[in-house]
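Numbering (the UniProt record's numbering) for the sequence shown: 2 to 341.
In what follows, a single structure is set out as structure tokens and then discussed.
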Amino acid sequence: TSASIPTAYAADGDRAAFPLHRPRRLRRTPALRRLAAETTVRPSNLVQPLFVREGLSEPRPIASMPGVLQHTRDSLRKAAAEAVAAGVGGLMVFGIPEAKDALGTGASDPDGIAQQALRDVVAEVGDETVVISDINLDEYTTHGHVGVLGPDGDVDNDASLERFAEVAVVQADAGAHIVAPSGMMDGQVRHIRAALDRAGHHSVAILGYSAKYASSFYGPFRDAVESSLTGDRKSYQQHPANLRESLREVALDVSEGADMVMVKPASHYLDIVRMLADSVDVPVSAYQVSGEYSMIEAAAAKGWIDRDNAVAESLTCLYRAGATVLITYWATEFATKLAR
Ligand code: PBG
2 TSASIPTAYA ADGDRAAFPL HRPRRLRRTP ALRRLAAETT VRPSNLVQPL
52 FVREGLSEPR PIASMPGVLQ HTRDSLRKAA AEAVAAGVGG LMVFGIPEAK
102 DALGTGASDP DGIAQQALRD VVAEVGDETV VISDINLDEY TTHGHVGVLG
152 PDGDVDNDAS LERFAEVAVV QADAGAHIVA PSGMMDGQVR HIRAALDRAG
202 HHSVAILGYS AKYASSFYGP FRDAVESSLT GDRKSYQQHP ANLRESLREV
252 ALDVSEGADM VMVKPASHYL DIVRMLADSV DVPVSAYQVS GEYSMIEAAA
302 AKGWIDRDNA VAESLTCLYR AGATVLITYW ATEFATKLAR
């Protein structure tokens, strides 16, 4: 390696020699830096999450996510078309219902907001991009948890699996190309795979939110989807202290039929991304979550960091760490920049 190579000319006892190795040569101009770049994010690596709110007449800003909107069905179609025109590789659709209940009924209603929006988006851009849906009840439940609650007030794993299976089928019926179970219930991928296959959706792929941590960085998302959650998700999402546990979660998901896996959040979990990229044979995605987005936006708004460079750096580093699919609220914007 470079470390074992002599570092200077040392002819005839000349101790004040010139450096033999000058890594700076390849950093001197933008053209040299581009040529020598080891990784480059392409627009097709990016997935744009989009929010659609039932019963809205105008798109509505999300206070804690400046620049991100709750869409109407109409403005969602336009945002989807814009993303695809920028070359974005995929779209992830989150529905926000007008009414909630304990079972999250709206999540599995064929005419629920997410299903209507999926049909809209698939009709608009379905041939040109990948449409992904999130399997979870949390936007639809009065308690804000991902599944149904048991008598002890904790989420009932196996009862929730039944609900996830119903949600998966209506989303696939609505045209989702990939369904993404995000509830962290044990056995969810196998259950969903079986339900999709029984319904004839053999070709609908599963993106497992496999290494999903109980993170503070989801805060703004809960605002975005008007979550009713009061407690936390620590009894089902992973403890941030754990690394090896992600190997187990991912191995289980892949053995249950996950076609792709995810690490979430992203920036503070690059060790997990690298570990999984080195150890699994399915694509690894990373979800740069709402809090990661809002922290950069907030610091930039104060003039404390250079926004555009921080966005580019955060995404490049995720890709470098081994994620080939980057889920980010800046997808359309960054794809537009990459194309220039
Ligand atoms: C579940 C879901 C969440 C996010 C994506 N899918 C919320 C949660 O798990 O609490 C968070 C994404 C983000 O923070 O940007 N519906």
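We treat Cβ as the ideally placed atom computed from N, Cα and C, and that holds for glycine.
Predicted, not measured: the structure shown is a model, and the values here were computed from it.
Nonlocal neighbours in the same chain, by C-beta distance under 8 Å from residue i, ignoring five residues either side
| i | result |
| --- | --- |
| residue 352 | No statement about residue 352 is possible, as the shown extent of the chain runs from 2 to 341 and does not include it. |
| Val290 | Ser216, Phe218, Tyr219, Phe222, Lys265, Pro266 and Ala267 |
| Ala324 | Val264, Ala267, Val274, Ala278, Val285, Ser286 and Ala287 |
| Pro111 | Val171, Asp174 and Ala175 |
| Ala64 | Asp224 |
Residues of its chain near residue i, where Cβ-Cβ distance is below 6 Å and the 5 sequence neighbours each way are ignored
| i | result |
| --- | --- |
| Gly113 | Gly107 |
| Ser183 | Asp135, Asn137 and Tyr210 |
| Gly105 | Leu138, Tyr141 and Thr142 |
| Val132 | Leu92, Val122, Val123, Ala177 and His178 |
| Gln239 | Tyr214 and Glu246 |
| Ser5 | none |
| Ala311 | Ile297 |
Cβ pair residue i, residue j closer than 9 Å
| i | j | result |
| --- | --- | --- |
| Arg275 | Ala322 | yes |
| Arg56 | Leu339 | Reading the sequence as shown, one finds Gly at residue 56 and not Arg. It is not a contact, given that the beta carbons lie outside the stated cut-off. |
| Tyr330 | Lys265 | no |
| Thr41 | His144 | no |
| Leu47 | Phe222 | no |
| Ser134 | Val190 | no |
| Ile179 | Gly258 | no |
| Tyr270 | Val156 | no |
| Leu21 | Leu27 | no |
| Val122 | Leu92 | yes |
| Val205 | Ala173 | yes |
| Gln116 | Ala32 | no |
| Ser280 | Leu253 | no |
The ligand PBG heavy atom lying under 8 Å from the CB of residue i
| i | result |
| --- | --- |
| Asp135 | yes |
| Asp139 | yes |
| Lys101 | no |
| Lys235 | no |
| Val290 | yes |
| Tyr219 | yes |
| residue 352 | Beyond the ends of the chain as shown, which are 2 and 341, falls residue 352; an answer cannot be given. |
| Gln172 | no |
| Tyr270 | no |
| Lys79 | no |
| Val147 | yes |
| Val226 | yes |
| Phe335 | no |
| Leu327 | no |
| Tyr330 | yes |
| Lys265 | yes |
| Gln238 | yes |
| Leu51 | no |
| Ser286 | no |
| Lys208 | The sequence given here has Leu at residue 208, not Lys. Not under cutoff, so the answer is no. |
| Lys338 | no |
| Lys303 | no |
| Phe165 | no |
| Ser211 | no |
| Leu316 | no |
| Leu47 | no |
| Leu36 | no |
Given residue i as reference, the closest of the options once Cα atoms are compared
| i | options | result |
| --- | --- | --- |
| Arg308 | Tyr294, Ala195, Gly184 and Asp260 | Tyr294 |
| Ala100 | Ser229, Asn310, Ala86 and Leu271 | Ser229 |
| Pro50 | Arg26, Ala118 and Ser256 | Ala118 |
| Leu70 | Asp153, Ala225 and Ala84 | Ala225 |
| Leu150 | Leu253, Gly90 and Arg234 | Arg234 |
| Gly292 | Arg164, Met66 and Thr30 | Met66 |
| Met186 | Ala195, Phe165 and Ala173 | Phe165 |
| Thr333 | Gly90, Lys303 and Gly188 | Gly90 |
| Cys318 | Ala38, Pro31 and Ile6 | Ala38 |
| Asp75 | Gly68, Ala64 and Pro60 | Pro60 |
| Pro98 | Ala302, Ser45, Glu227 and Ser256 | Glu227 |
| Val283 | Met261, Lys303 and Asp272 | Met261 |
| Gly154 | Ala242, Ala64, Ala103 and Gly304 | Ala103 |
| Leu77 | Glu163, Pro241 and Arg120 | Arg120 |
| Asn243 | Asp272, Gly96, Val255 and Lys79 | Asp272 |
| Ala212 | Ala313, Glu163 and Glu250 | Glu250 |
| Ser58 | Gly68, Ser45, Thr73 and Leu162 | Thr73 |
Any non-hydrogen atom of the ligand NAD within 8 Å of residue i CB
| i | result |
| --- | --- |
| Tyr294 | Absence of the ligand NAD from the depicted structure is noted, with the ligand PBG being the only ligands included. |
Sequence-distant residues of the same chain with beta carbon closer than 7 Å to residue i, five excluded per side
| i | result |
| --- | --- |
| Val126 | Ala81, Ala82 and Val85 |
| Asn158 | Met186 and Asp187 |
| Ile193 | Ile136, Phe165, Ala166, Ala169, Val180, Pro182 and Ile207 |
Within-9 Å CB hit, residue i to chain C
| i | result |
| --- | --- |
| Leu57 | Absent from the structure: chain C. Only one protein chain is present. |
Decide if the segment 194-206 is in contact with the segment 166-178; the criterion is three or more beta carbon pairs, one per stretch, under 8 Å apart. Taking 8 Å as the limit for Cβ pairs, the verdict is that the segment 166-178 does touch the segment 194-206.
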